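full-length UniProt numbering puts the first residue of the sequence shown at 1, with every later residue one more than the last.
Just so it is clear, CB atoms sit at the ideal spot from N, CA and C, and this is done for glycine as well.
Since the model is a prediction, treat every value here as computed from it, not as a measurement.
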Amino acid sequence: MFSDSTVALSWIRGYVKQWKPFVSNRVHEIQDLTNLQNWRFVKGEQNPADIVSRGCSAEELLKNRRLWHGPHWLTLSEENWPKNERLFQETTNEERRVKYIAISYSSEFQNEESILNINNFSSISKVFRITAWIRRFINNMKLIKKDRIKTPLTAEEIEKAEEIWIKKVQAENVGIKINCSKENKNVPKGSKIRELNPFLNDCTDKWKIASVNTVSYHEKHPILIPEKIRFTELLVKDAHEKELHSGVADTLIQVREKYWVPKGRQIIKSIIRKCFVCKKFISHPGTQIMAPLPKDRIEQSLSFAVTGLGFAGPIYVKNSKKKFYIYFAYVL
1 MFSDSTVALS
11 WIRGYVKQWK
21 PFVSNRVHEI
31 QDLTNLQNWR
41 FVKGEQNPAD
51 IVSRGCSAEE
61 LLKNRRLWHG
71 PHWLTLSEEN
81 WPKNERLFQE
91 TTNEERRVKY
101 IAISYSSEFQ
111 NEESILNINN
121 FSSISKVFRI
131 TAWIRRFINN
141 MKLIKKDRIK
151 TPLTAEEIEK
161 AEEIWIKKVQ
171 AENVGIKINC
181 SKENKNVPKG
191 SKIRELNPFL
201 NDCTDKWKIA
211 SVNTVSYHEK
221 HPILIPEKIR
231 FTELLVKDAH
241 EKELHSGVAD
251 TLIQVREKYW
261 VPKGRQIIKS
271 IIRKCFVCKK
281 FISHPGTQIM
291 APLPKDRIEQ
301 SLSFAVTGLG
311 FAGPIYVKNS
321 KKKFYIYFAY
331 VL
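Rendered as C-alpha cells:
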C-alpha cells in the first residue's frame, strides 16, 4: 500500500494516542486492519491516483501509461524499489494531542476565589473530602507516576483540608483582626470578640480563644469561626446530625468541642428550623374539619312534610298466632 502523504504515513506509523480524536480514531482502525510495514511512500508525480485528483481530460486519461501500469519501478523486484523512509515527517504538531498541566499552590488562603463553591454543597464532610482529593492530585502531579499516592484518603489529609477551609473563612471574614494579632496589636475595642481574648496559633496560624485548663485542648482553645456564612451553617448542620437531631443545647455542646461560633444558639435554632427531619417531630397533628350538615337538616319545613312508612313482624303472642303492625315516622 502506497501513499504520497508523508504526514499521513507518520500518523499511521506513530503512537495512536498522541493524536487528536479525529485522527486517532482513523489511525487506530488502520493499524488494526493492516500491517504497518506494508505502508510505503510514493512521490506525487509517480502516484496514479494523483492524476485524477488534479484533473485531466478523458483523452489524456486513456493515454496515460502511469494510470494503467503504475510507476516504472513497480515491475521490478521489491529490493529495487526506492528507499525513501527518511522522507517521513516525524512531527505533525497540528494534529498532536498536547497535554497541559497547570499547578498553582499557595500556603495560605488570601481573599481570592476558591476552587470549590461551598454554596453548592449540603455536607461539610463532602467539602473536606473533595478538598483533600484536590490537594492529593496537586501533590501527585509533582511526583513521577510510580511514586503517586493511590490509596483511600487518610484522616490526616482530611484534617489538613479542614485547616485550609478554616484559614480561608477566617481570612475572608475576620482578616483585619487576625492581622492585629500577627502584629502583636490588641483587637479593636469595638470588636464583638475582644472579650474572648483571641490569639493566633503559632503552628497552624488558626485563630483560637483562650480558656481554662480543665478540659481538652480543642475545648480549651476552640477555633473561632464567623457566623452567618455557609461554612458555619454546614458545620452546625453536621453537628446536629451527629447528635441524632437533638435540641439546641446538645448541638451547641457538640459544636463547642472544637469551634466557637458567635451567637451560636441563634445559628443553631435557625438550622433546626430548616431541618426536615426535625420538622416531622415538631409539627402538631392536624384536626379533621367537620363536614357541613345535610340540606334537609338545616332548611325549614312544615310538620309532617317528611314522613315514612314501615312494616315489622311477625310478632308471636300467647295464642300462637302471628301479629303484624305498621308504624308511621315523621319529622317535625
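Buried/exposed call for residue i, threshold 16 Cβ in 10 Å
{"i": "residue 108", "result": "Residue confidence for residue 108 is low, a pLDDT of 45 falling below 50, so the modelled location carries little weight and cannot support an answer."}
{"i": "residue 146", "result": "exposed"}
{"i": "residue 159", "result": "exposed"}
{"i": "residue 217", "result": "exposed"}
{"i": "residue 183", "result": "Caution applies to residue 183, whose pLDDT of 49 falls short of 50 and renders its modelled position unreliable; the value that the coordinates give is listed next. When all chains shown are included, residue 183 counts as exposed."}
{"i": "residue 291", "result": "exposed"}
{"i": "residue 21", "result": "exposed"}
{"i": "residue 222", "result": "buried"}
{"i": "residue 75", "result": "exposed"}
{"i": "residue 78", "result": "exposed"}
{"i": "residue 19", "result": "buried"}
{"i": "residue 166", "result": "buried"}
{"i": "residue 59", "result": "exposed"}
{"i": "residue 170", "result": "buried"}
{"i": "residue 49", "result": "exposed"}
{"i": "residue 151", "result": "exposed"}
{"i": "residue 131", "result": "buried"}
{"i": "residue 306", "result": "exposed"}
{"i": "residue 29", "result": "exposed"}
{"i": "residue 157", "result": "buried"}
{"i": "residue 254", "result": "buried"}
{"i": "residue 1", "result": "exposed"}
Of the residues the options, the one placed nearest residue i, counting alpha carbons only
{"i": "residue 45", "options": "74, 4 and 241", "result": "4"}
{"i": "residue 240", "options": "222, 226, 268 and 220", "result": "268"}
{"i": "residue 261", "options": "225, 237 and 132", "result": "225"}
{"i": "residue 153", "options": "126, 62, 75 and 319", "result": "126"}
{"i": "residue 119", "options": "25, 233, 220 and 58", "result": "233"}
{"i": "residue 271", "options": "235, 306, 82 and 283", "result": "235"}
{"i": "residue 258", "options": "281, 162 and 117", "result": "162"}
{"i": "residue 172", "options": "273, 231, 149 and 157", "result": "231"}
{"i": "residue 129", "options": "64, 155 and 283", "result": "155"}
{"i": "residue 70", "options": "62, 57, 47 and 55", "result": "47"}
{"i": "residue 117", "options": "229, 144, 55 and 296", "result": "229"}
Same chain, Cβ closer than 7 angstroms to residue i, five either side skipped, listed in chain order
{"i": "residue 134", "result": "115"}
{"i": "residue 9", "result": "3, 39, 41 and 88"}
{"i": "residue 265", "result": "248 and 252"}
{"i": "residue 263", "result": "227"}
{"i": "residue 275", "result": "240 and 245"}
{"i": "residue 136", "result": "149 and 157"}
{"i": "residue 27", "result": "11, 12, 16 and 19"}
Same chain, Cβ closer than 6 angstroms to residue i, five either side skipped, listed in chain order
{"i": "residue 277", "result": "245"}
{"i": "residue 13", "result": "36"}
{"i": "residue 250", "result": "243"}
{"i": "residue 17", "result": "none"}
{"i": "residue 342", "result": "No statement about residue 342 is possible, as the shown extent of the chain runs from 1 to 332 and does not include it."}
Presumed contact (8 angstroms Cβ cut-off) between residue i and residue j, rounded CB distance
{"i": "residue 314", "j": "residue 324", "result": "6 angstroms"}
{"i": "residue 238", "j": "residue 124", "result": "5 angstroms"}
{"i": "residue 73", "j": "residue 82", "result": "6 angstroms"}
{"i": "residue 219", "j": "residue 256", "result": "7 angstroms"}
Nonlocal neighbours in the same chain, by C-beta distance under 8 angstroms from residue i, ignoring five residues either side
{"i": "residue 103", "result": "Note that residue 103 scores a pLDDT of 42, beneath 50, so its modelled location is shaky and nothing firm can be said."}
{"i": "residue 31", "result": "12 and 16"}
{"i": "residue 80", "result": "73"}
Limits of the alpha helix (DSSP H) - the one that residue i falls within
{"i": "residue 21", "result": "21-33"}
{"i": "residue 14", "result": "No alpha helix (DSSP H) contains residue 14, which DSSP labels as neither H nor E."}
{"i": "residue 39", "result": "Segment: none, residue 39 is in no alpha helix (DSSP H) and carries neither H nor E."}
{"i": "residue 296", "result": "295-298"}
{"i": "residue 141", "result": "124-141"}
{"i": "residue 333", "result": "Coverage of the chain is limited to positions 1 through 332, which leaves residue 333 absent and any answer about it impossible."}
{"i": "residue 154", "result": "It is not in any alpha helix (DSSP H) - residue 154 carries neither H nor E in the DSSP assignment."}
{"i": "residue 304", "result": "Where residue 304 is concerned, there is no enclosing alpha helix (DSSP H), given that its DSSP letter is neither H nor E."}
{"i": "residue 270", "result": "264-274"}
{"i": "residue 236", "result": "230-242"}
{"i": "residue 58", "result": "58-63"}
Closer than 8 angstroms to chain D by CB, residue i
{"i": "residue 277", "result": "Among the chains in the structure shown there is no chain D, since it carries only a single protein chain."}
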